[in-house]
Structure formats: structure tokens, C-alpha cells
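Visitor:
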Ligand SMILES: Cc1cc2nc3c(=O)[nH]c(=O)nc-3n(C[C@H](O)[C@H](O)[C@H](O)COP(=O)(O)O)c2cc1C
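See below:
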């Protein structure tokens, strides 16, 4: 069975939902799946000032945190992170940076990677975030698998070929219906991982 690690960071739940859709599709595609929360780094005082953040933080306390062992274990990764000024959140960057030891040992080479994101605005930097994440993956020697236009569901979800993205309204609700597109991206990532890991 091909091994997939789905890593997400989420303040208010959007990317946790994307990760859960990806988990369901990856399992359906025959993968062994670990869903891992990228560790929160914000101080408790900052989290407490935002009720939606606080609620999500408490609700996901039991989700296991992402570790280097998960990176080492998996044949393929799916990342889901929110857009922060057109880039990945610092929590994700810290997770990438602490993988330096694995990188030095060559243990990230040929891992298959695909990424998803969310942002408040329809043109708020989704593609930039995904491409910025992929920049790190090039350094890892990973094999990047975007959804491209390999299935019409991508068009229905806004047509982002780099990685499915969704916008959220002021209340944190997703605006576009991206569930089918996220599931397609996850299935495609598993299928490519199977070919690479064989
Ligand atoms: C510090 C910060 C920076 C953000 N930068 C952007 C941005 O550049 N563009 C945008 O449209 N939304 C931006 N947002 C909104 C987030 O992307 C949005 O809240 C997030 O995608 C929701 O995902 P989550 O529910 O998984 O946390 C930003 C939010 C924060 C807190």
C-alpha cells in the first residue's frame, strides 16, 4: 500500500476540511493515510483574541502533530495551508525548516507532493502561496504533482492547475464548491505516487 501523509495547518478550519476531503479520497484510492496537523506556533493570547481560531484550536487538539517521522514514512505528501500575504504560514515554514536533517540525508528525494490552499479573496494570492510552497519542494528533490486540467472538476472549482484553492467569506465559509476537485487532486496524487514508489 502506498503511504500518504496529509499535512495541514489551519487557524479557522478551512484547510482542516480540505485535508479531510483529501484523506477520504486518498483512502478510496487505496493509500494508507496519516493526517497530521502542523504545529501551532502562535501564542495562546493571540489565539484567544479570535473566537473562530480559539474554537478550531480547541476542537483539533487531539489531531496528531506533524513530525519528521511522518515525512520519512510517507511516499507522498499532500499539503493544505492557508494563504498568508501570498505565502505559506510561518507554522508551515517552520515545519519545512526543521526537516533540514532529513533533507541532508537525502530522505526527501522523490517524495511526491501536491498542495492546496485557501484565501479570503478570490485573487488574494492562492497561486503564489502554492508556488511558494512548491519552491521548497524543489529543494527537497520532491516530485510535484499539480491537478493541471486533468479532470473537468478543476474548472468547476475555479480552475487552479497548481493546486486546488478556495476563497472564504468574512465568516470563514467556503465560497466555491471544491470538494470534488480536492478529491480528484488527492486521487491523482496517490496514483502518481504509486507509479513512483513501485
Ligand atoms: C496574517 C494573515 C494574512 C493573510 N493574508 C491573506 C492574503 O494575502 N490574501 C487573502 O486573500 N487572504 C489572506 N488571509 C486570510 C486567510 O488566507 C484565510 O483566513 C484562510 O485562508 C482561512 O483558512 P483556515 O480556515 O484554514 O485558517 C490572511 C489571514 C491572516 C491571518
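Numbering (our numbering), first residue to last: 200 to 397. Glycine included, each C-beta is placed from N, C-alpha and C at the ideal position.
Just curious, the alpha helix (DSSP H) that residue 289 is in, first and last residue?
Guide: If you number the chain shown from 1, residue 289 lands on position 90. 289 to 296 is the extent of the alpha helix (DSSP H) around residue 289.
Visitor: For ligand 1, is there a heavy atom less than 7 Å away from the beta-carbon of residue 235?
Guide: By one-based count along the chain shown, residue 235 stands at place 36. Checking every heavy atom of ligand 1 against the Cβ of residue 235, none is found closer than 7 Å.
Visitor: Is the segment 314 to 323 close to the segment 355 to 373, with three or more CB pairs under 8 Å?
Guide: As far as the Cβ criterion goes, the segment 314 to 323 touches the segment 355 to 373, which means the pair count is three or higher.
Visitor: In whole angstroms, what separates the C-alpha of residue 277 from that of residue 251?
Guide: As a position in the chain shown, residue 277 is number 78, starting the count at 1. As a position in the chain shown, residue 251 is number 52, starting the count at 1. Computed Cα separation, rounded: 25 Å.
Visitor: In this structure, how does DSSP classify residue 378 when only helix, strand and coil are distinguished?
Guide: By 1-based counting over the chain shown, the position of residue 378 is 179. Residue 378: helix per DSSP, three-state reduction.
Visitor: Could I get the ranges of all uninterrupted alpha helix (DSSP H) runs contained in the segment 216 to 297, with 4 residues as the minimum, in chain order?
Guide: List check, alpha helix (DSSP H) in window: 243 to 247, 250 to 258, 267 to 272, 289 to 296.
Visitor: For ligand 1, I want to know if residue 318 counts as a neighbour, meaning its beta carbon is within less than 7 Å of at least one of the ligand's heavy atoms.
Guide: Start at 1 with the first residue of the chain shown, and residue 318 comes out as number 119. Yes, the Cβ of residue 318 comes within 7 Å of a heavy atom of ligand 1.
Visitor: Following a CB-centred definition, is residue 349 positioned closer than 7 Å to any heavy atom of ligand 1?
Guide: Counted from its first residue, the chain shown places residue 349 at position 150. Answer for residue 349: no, Cβ out of range of ligand 1.
Visitor: Say the cut is 7 Å; is the CB of residue 213 nearer than that to a heavy atom of ligand 2?
Guide: This structure does not include ligand 2; its bound ligands are ligand 1.
Visitor: When the cut-off is 8 Å and only beta carbons count, does residue 245 lie next to chain C?
Guide: Given the protein chain composition of this structure (a single chain), no chain C is represented.
Visitor: Measuring straight from C-alpha to C-alpha, what distance separates residue 268 and residue 207?
Guide: For the purposes of this step, residue 268 is identified with residue 69 of the chain shown, where counting begins at 1. For the purposes of this step, residue 207 is identified with residue 8 of the chain shown, where counting begins at 1. If I take the Cα positions, the gap works out to 16 Å.
Visitor: Would you mind sorting residue 294 into buried or exposed? The rule is 16 or more other CB atoms within 10 Å of its CB.
Guide: To locate residue 294, count along the chain shown from 1; it is residue 95. The residue in question, residue 294, is buried, as its Cβ has 16 or more Cβ neighbours within 10 Å.
Visitor: Would residue 215 and residue 223 qualify as a contact pair, given that the criterion is a beta-carbon distance under 8 Å?
Guide: Counting from one through the chain shown, the residue named residue 215 turns up at place 16. Counting from one through the chain shown, the residue named residue 223 turns up at place 24. Their beta carbons are not under 8 Å apart, which means residue 215 does not touch residue 223 by this criterion.
Visitor: According to the Cβ coordinates, are residue 271 and residue 301 closer than 8 Å?
Guide: Indexing the chain shown from 1 puts residue 271 at position 72. Indexing the chain shown from 1 puts residue 301 at position 102. Their beta carbons are under 8 Å apart, which means residue 271 touches residue 301 by this criterion.
Visitor: With DSSP as the reference, label residue 316 as helix, strand or coil.
Guide: Numbered from 1 along the chain shown, position 117 holds the residue referred to as residue 316. The answer is strand: DSSP assigns residue 316 an E or B state.
Visitor: Can you say whether residue 344 is buried or exposed, counting buried as having 16 or more other CB atoms within 10 angstroms of its CB?
Guide: Numbered from 1 along the chain shown, position 145 holds the residue referred to as residue 344. Counting Cβ neighbours within 10 Å, residue 344 comes out buried, since at least 16 surround it.
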